[in-house]
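Student: Structure in structure tokens, see below.
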Amino acid sequence: MAAPTSIAFIGGGNMAASLIGGLSDAGWTPGQVMVAEPDAERRRDLSDRFGVRTTADNSEAVQGAETVVLAVKPQILGTVAEALGPDLRGQTPLVISIAAGIPLAKLRGWLGTDGPLVRVMPNTPALVGAGVSALYADDDVSEQHRLTAQAIMQAAGEVVWVAKEAHMDIVTAVSGSGPAYFFLILEALEEAAVAEGLDRETARTLAVHTAGGAAALARDTGEPSAVLRSRVTSPGGTTARGLEALERGGLRTALMDAVAAAANRSRELGS
Ligand SMILES: NC(=O)C1=CN([C@@H]2O[C@H](COP(=O)(O)OP(=O)(O)OC[C@H]3O[C@@H](n4cnc5c(N)ncnc54)[C@H](O)[C@@H]3O)[C@@H](O)[C@H]2O)C=CC1
Ligand SMILES: O=C(O)[C@@H]1CCC=N1
């Protein structure tokens with residue numbers, strides 16, 4: 185069961201669309217995917233973009249599904265899962281929750297099933313196959329179900345397993361929310377380039393390719409970030425001046441604060 189033949193998404197918002205985009209680029213056929221989404225415009229958008237089947241009815245979506253991905257906001261997951269529970273009893277599909285903060289024990293209580301549950305924290309670069317997801321499952325989840333969850337998330341990018349559920353709050357703060365931190369840096373870098381006199385298109389090309397290039401270099405060489413940074417930084421040169429300004433401005437501390445704040449919010453959502 186490494187690649188399920190049918191997968192149902194409950195909630196067809198930003199993260200579900202990113203995952204469906206990744207699955208579709210990885211060769212999954214649209215007929216394998218069903219999305220339950222109350223918003224008619226979003227349903228139309230999903231079927232236009234990816235050719236997937238859609239419905240407004242969560243119960244209908246899970247009928248016969250081998251895997252169910254819960255992709256609604258954490259704040260409504262309880263209501264959605266409690267309503268869906270009776271539909272899942274008896275067919276016990278693999279249920280994957282991507283909701284920030286919500287512990288598996290809480291989800292299991294809402295669903296009222298004893299079927300396999302895997303908690304996943306993906307991120308939106310999944311849309312272009314460049315996501316990274318962290319997965320967690322309790323010990324009683326079989327190797328087969330773990331491999332199925334892993335195969336789905338690998339269609340959207342890299343996969344890591346974490347050993348403790350508490351780590352999912354940290355993962356959420358680092359890689360779940362992380363794309364937004366980098367987008368903020370991109371926005372600021374573009375603004376700065378424009379303020380210094382470049383046109384917007386040139387500014388964007390330089391900012392985006394610099395970010396992508398730095399990430400590719402770190403990934404492909406495996407060298408520590410500090411070593412890669414030192415290779416850019418000629419003594420007495422331009423980078424040293426730029427980095428001094430960043431350290432003075434507190435970028436490092438700000439990122440540490442951001443991760444701590446986001447992880448705390450994840451814990452709050454789960455409590
Ligand atoms: N956006 C992101 O970058 C990430 C989001 N997540 C998680 O993914 C989940 C979804 O987040 P987003 O996609 O950002 O939110 P979103 O608001 O874009 O999507 C949620 C979707 O659920 C639909 N919905 C509302 N009530 C529903 C119901 N009763 N039944 C079925 N669908 C319903 C909404 O119409 C909406 O389209 C959240 O739990 C979030 O924590 C996880 C990782 C990253
Ligand atoms: O902002 C959020 O709560 C979700 C979870 C991680 C990314 N987006």
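Take 185 as the starting number for the sequence shown in our numbering and just add one per residue.
In this text, a Cβ means the ideal position worked out from N, Cα and C, and glycines have one as well.
Nothing here was measured: the structure is a model prediction, and the numbers come from that model.
1. Would a C-beta distance cut-off of 9 Å place G269 and T297 closer than the cut-off?
2. Buried or exposed for R432, please, with buried defined as at least 16 other CB atoms from any protein chain shown within 10 angstroms of its CB.
3. With a Cβ-Cβ cutoff of 9 Å, do G360 and G206 count as a contact?
4. Can we say the region 312-330 touches the region 412-427, given the rule of at least three CB pairs closer than 8 Å?
5. Write down the C-beta distance between G285 and V316 rounded to the nearest angstrom, noting that I regard them as a contact closer than 8 Å.
6. Quick one: what does DSSP say W345 is sitting in, helix, strand or coil?
7. Please list, following the chain, all residues that have a C-beta closer than 6 Å to any non-hydrogen atom of ligand 2.
8. Exposed or buried, which one is H329 when buried takes at least 16 other CB atoms within 10 Å?
9. Do L373 and T394 come within 9 Å of each other at the CB atom, strictly closer than that value?
10. If we call anything under 9 Å between Cβ atoms a contact, is M352 one with S450?
11. Can you list, in chain order, the residues of its chain whose CB lies under 8 Å from that of L427, leaving out five sequence neighbours each side?
12. Pair every Cβ in the region 271-288 with every Cβ in the region 437-445, then say whether three or more of these pairs are closer than 8 Å.
13. Do the region 213-224 and the region 243-250 make contact, defined as three or more Cβ pairs closer than 8 Å?
14. Please say whether S231 and V253 have beta carbons closer to each other than 9 Å?
15. Could you tell me the distance, in whole angstroms, from the CA atom of I191 to the CA atom of G420?
16. For E380, would you say it is in contact with chain B, using Cβ-to-Cβ distances shorter than 9 Å as the test?
17. Drop a sphere of 10 angstroms on the beta-carbon of T213, count the other beta-carbons inside from all chains shown, and report buried for 16 or more, exposed for fewer.
18. At a threshold of 8 Å, does M337 count as lining ligand 1 (C-beta to nearest heavy atom)?
19. Put T423 into one of helix, strand or coil per three-state DSSP.
20. In chain order, what residues of the same chain have a beta carbon less than 7 Å from the beta carbon of A364, not counting five sequence neighbours either side?
21. Do L203 and A335 have their beta-carbon atoms positioned less than 9 Å apart in this structure?
22. Could you check the C-alpha separation between A410 and T239 for me, to the nearest Å?
23. Taking the C-alpha atoms as reference points, what is the distance between A402 and V392?
24. V304 and A333 look like a contact to me (Cβ under 8 Å); what is the Cβ gap, rounded to whole Å?
25. Taking 8 Å as the line, does the beta carbon of A429 fall inside it for any heavy atom of ligand 1?
26. Between the C-alpha atoms of P258 and E327, what's the straight-line distance to the nearest angstrom?
27. Identify every residue that forms a DSSP beta bridge with T239.
28. I believe G196 touches R227 by the beta-carbon criterion, under 8 Å. Please report the beta-carbon distance rounded to the nearest angstrom.
29. Given this structure, state the Cα-to-Cα distance separating G248 from A400, to the nearest angstrom.
Tutor: On the basis of the coordinates in this document:
1. The residue labelled residue 269 in the question sits at position 85 within the sequence shown. The residue labelled residue 297 in the question sits at position 113 within the sequence shown. Cβ distance < 9 Å, so G269 and T297 count as in contact.
2. Here residue 432 refers to the residue found at position 248 when the sequence shown is read from its first residue. With fewer than 16 Cβ atoms within 10 Å of its Cβ, R432 is classed as exposed.
3. Along the sequence shown, read from residue 1 onward, the residue named residue 360 stands at position 176. Along the sequence shown, read from residue 1 onward, the residue named residue 206 stands at position 22. The answer is no: Cβ separation not under 9 Å.
4. Taking 8 Å as the limit for Cβ pairs, the verdict is that the region 412-427 does not touch the region 312-330.
5. Residue mapping note: residue 285 aligns to position 101 of the sequence shown, counting from 1. Residue mapping note: residue 316 aligns to position 132 of the sequence shown, counting from 1. Taking a contact as a CB-CB distance under 8 Å, the pair G285 and V316 does not count as one, their CB atoms being some 19 Å apart.
6. By one-based count along the sequence shown, residue 345 stands at place 161. In this structure, W345 counts as strand in the three-state DSSP scheme.
7. A284, T356, G360 and S361
8. Against the sequence shown, residue 329 aligns to sequence position 145. By the neighbour-count rule (16 or more Cβ atoms within 10 Å), H329 is buried.
9. The count along the sequence shown starts at 1 and reaches residue 394 at position 210. The count along the sequence shown starts at 1 and reaches residue 373 at position 189. It is a contact, given that the beta carbons lie within the stated cut-off.
10. On the sequence shown, position 168 is the one that residue 352 refers to. On the sequence shown, position 266 is the one that residue 450 refers to. Yes, these two residues count as a Cβ contact at 9 Å.
11. Here residue 427 refers to the residue found at position 243 of the sequence shown. The residues are R413 and T417.
12. No: the two stretches stay apart, fewer than three of their Cβ pairs being nearer than 8 Å.
13. yes
14. As a working note, residue 253 is residue 69 in the sequence shown. As a working note, residue 231 is residue 47 in the sequence shown. No, the pair does not count as a contact, with Cβ atoms beyond the cut-off.
15. Taking the first residue of the sequence shown as 1, we reach residue 191 at position 7. Taking the first residue of the sequence shown as 1, we reach residue 420 at position 236. Approximately 56 Å, taken between the alpha carbons.
16. The chain labelled as chain B is not found in the depicted structure, where only one protein chain is given.
17. Position 29 of the sequence shown, counting from 1, holds the residue named residue 213. The residue in question, T213, is exposed, as its Cβ has fewer than 16 Cβ neighbours within 10 Å.
18. Taking the sequence shown and counting its residues from 1, the one referred to as residue 337 is at position 153. It does not: the Cβ of M337 is nowhere closer than 8 Å to a heavy atom of ligand 1.
19. The sequence position of residue 423 within the sequence shown is 239, counting from 1. Reduced to three states, the DSSP call for T423 is helix.
20. For the purposes of this step, residue 364 is taken as the residue at position 180 of the sequence shown. Excluding residues within five positions, none has a Cβ falling inside 7 Å.
21. As a working mapping, residue 335 is identified with position 151 in the sequence shown. As a working mapping, residue 203 is identified with position 19 in the sequence shown. 9 Å or more divides the Cβ of A335 from the Cβ of L203.
22. Here residue 410 refers to the residue found at position 226 of the sequence shown. Here residue 239 refers to the residue found at position 55 of the sequence shown. C-alpha separation (whole angstroms): 49 Å.
23. Taking the sequence shown and counting its residues from 1, the one referred to as residue 402 is at position 218. Taking the sequence shown and counting its residues from 1, the one referred to as residue 392 is at position 208. About 16 Å.
24. Translated into positions along the sequence shown, residue 304 becomes position 120. Translated into positions along the sequence shown, residue 333 becomes position 149. Contact holds; Cβ gap of about 7 Å.
25. The count along the sequence shown starts at 1 and reaches residue 429 at position 245. No.
26. In the sequence shown, counting from the first residue as 1, residue 258 sits at position 74. In the sequence shown, counting from the first residue as 1, residue 327 sits at position 143. Approximately 27 Å between the Cα atoms of the pair.
27. Within the sequence shown, the letter at position 55 stands for residue 239. Answer by DSSP bridge pairing, in chain order: A220.
28. Position 12 of the sequence shown, counting from 1, holds the residue named residue 196. Position 43 of the sequence shown, counting from 1, holds the residue named residue 227. Sure, about 7 Å apart at Cβ, within 8 Å.
29. Within the sequence shown, numbered from 1, the residue matching residue 248 stands at position 64. Within the sequence shown, numbered from 1, the residue matching residue 400 stands at position 216. In a straight line, the C-alpha of G248 is about 41 Å away from that of A400.
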